[in-house]
Amino acid sequence: MNLNAITARIDQLRKQRNAVILAHYYQRPEVQDVADFVGDSLDLSRKAAATTADVIVFCGVHFMAETAKILAPSKTVLIPDENAACPMANMLTVRELRQFKAQYPDAITVAYVNCSAAVKAEVDICCTSANAPKVVASLPKNRPILFVPDQSLGDFINRKFGFSMILWPGFCPTHHRFLQRDINDMRAAHPHALLCVHPECTRDVIDQADFVGSTSQIINFCSSSPASEFIIGTEQGILHPLKKRNPSKNFYHLSPLATCSNMKLTTLEKIIWSLEDMIYEISIPEDIRQRAFNAVHRMIQIV
Ligand code: 13P
Ligand code: SF4
């Protein structure tokens with residue numbers, strides 16, 4: 000099938016199933032282009048909660064599709080490739096979290112949404128990279144705070160906003176691929192460009208950036224900035240919406256190695272198969288879903 004035929008088939012199935020296709024900014028360009036809505040983790044969870052569609056096809060990774068199911072339990076949530084997992088989310092099991100919490104019995108636990116539904120069910124509140132400072136600032140000041148699973152995001156919030164959260168040592172292997180050499184090379188090649196990075200990057204990279212923010216915050220910053228050249232330190236898929244929205248500006252990826260292979264598992268063909276065969280359906284035991292809902296819902300209420 001050529002691209003037009005593939006797109007036509009997706010449109011036909013989307014109508015037939017009364018489905019909405021949601022895609023994260025790290026998805027392949029052609030997947031972003033067929034989606035009804037493209038966004039960051041926070042935008043996508045809000046869209047999932049508000050949709051009137053019967054079916055949500057989630058083009059992202061497993062924890063994102065699970066978050067959609069947590070918020071929209073009556074919908075059928077499909078992930079086109081069941082292997083699209085997030086390695087960071089897999090760096091914290093429920094057992095490990097319980098052991099961590101047991102060491103700090105008075106603590107409040109905040110989980111970055113990049114974790115499983117079962118982990119969300121054990122925490123007090125969730126956050127995304129777009130709202131983490133606001134969520135942490137909303138918590139009581141007289142209790143310790145545990146932050147899981149992303150050490151880099153937690154460290155960034157601690158240092159920028161003066162918190163002293165206790166951090167779980169998880170990390171994003173994709174965002175940790177940016178090296179000092181990449182910054183040196185790209186700054187030398189593009190001396191007028193602003194360096195924009197995601198808070199999942201290492202402390203060394205963050206400290207050299209002109210702007211640090213979530214995917215949507217990077218897009219907004221670059222779109223509204225008077226500058227015309229940007230070096231982008233997050234997953235490579237974001238270059239697509241950046242270039243689309245800002246055709247007269249130049250964007251350079253900080254390193255070609257920073258590609259999330261899990262995000263790239265979704266293809267147009269797999270979206271077709273997903274809608275044809277209603278695969279792969281996300282299911283979460285109801286008691287876990289309800290407890291995870293409380294943590295995600297608290298976050299949504301704050302922001
Ligand atoms: P945001 O889209 O919330 O910035 O998250 C980035 C990410 O790592 C998603 O996997
Ligand atoms: Fe997980 Fe990092 Fe990939 Fe996001 S980019 S899905 S955090 S591995």
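Residue numbering for the sequence shown follows numbering that gives the first Met the number 0, starting at 0 and increasing by one per position. C-beta atoms are modelled at their ideal positions from N, C-alpha and C, and glycine is treated no differently.
Please determine, among the options, the residue with the shortest C-alpha to C-alpha distance to residue i.
i: C114; options: Q102, A136, D149; result: D149
i: S260; options: V134, I205, P172, N3; result: P172
i: I287; options: V122, L2, P143; result: V122
i: L96; options: N157, R158, A49, I165; result: I165
i: M298; options: N3, R142, S44; result: S44
i: P190; options: V295, F162, A226; result: A226
i: A294; options: F210, A117, M277; result: A117
i: P284; options: S137, A136, E65, H296; result: E65
i: T75; options: Q98, T266, T92, T51; result: T51
i: I20; options: G59, C85, N1, M0; result: G59
i: P104; options: P143, R8, N130, D10; result: P143
i: A4; options: H296, S163, E268; result: E268
Give the straight-line distance between the Cα atoms of residue i and residue j, rounded to the nearest whole angstrom.
i: A208; j: I231; result: 10 Å
i: P28; j: D42; result: 18 Å
i: W167; j: A291; result: 19 Å
i: V112; j: R180; result: 31 Å
i: A192; j: F220; result: 13 Å
i: E280; j: P72; result: 12 Å
i: K46; j: E199; result: 23 Å
i: C195; j: K242; result: 15 Å
i: S224; j: F210; result: 11 Å
i: T201; j: T266; result: 30 Å
i: F139; j: M0; result: First, the residue type needs correcting, since residue 139 is Pro and not Phe in the sequence shown. Going from the Cα of P139 to the Cα of M0 covers about 56 Å.
i: R158; j: S247; result: 35 Å
i: D312; j: A257; result: The question about residue 312 has no answer here: the residues shown for the chain are numbered 0 through 302.
i: A83; j: I9; result: 20 Å
i: Q289; j: A129; result: 24 Å
i: F162; j: H296; result: 23 Å
i: K14; j: P86; result: 34 Å
i: N141; j: Q98; result: 22 Å
Would you kindly check if the distance between the Cβ of residue j and the Cβ of residue i is under 7 Å?
i: H174; j: H197; result: yes
i: A67; j: I55; result: yes
i: A120; j: L145; result: no
i: D53; j: L264; result: no
i: E228; j: N249; result: yes
i: P132; j: F155; result: no
i: L12; j: A48; result: no
i: S40; j: T127; result: yes
i: I218; j: P240; result: yes
i: C125; j: A136; result: no
i: A18; j: V37; result: no
i: S222; j: N245; result: yes
i: I301; j: V93; result: no
i: G153; j: Y24; result: no
i: L238; j: V147; result: no
Since residue i and residue j are thought to touch, with beta carbons under 8 Å apart, how far apart are those beta carbons, to the nearest angstrom?
i: F57; j: A88; result: That pair is no contact at about 14 Å.
i: T6; j: V33; result: 6 Å
i: S151; j: F177; result: About 11 Å separates the two Cβ atoms, so there is no contact after all.
i: Q26; j: M262; result: 6 Å
At a Cβ threshold of 7 Å, is residue i touching chain C?
i: D209; result: The structure shown has no chain C; it contains just one protein chain.
Would the region 240 to 255 and the region 181 to 188 be scored as touching if the rule is three or more Cβ pairs under 8 Å? yes
Please confirm if the region 266 to 281 is in contact with the region 208 to 228, defined as three or more CB-CB distances below 8 Å between the two stretches. no
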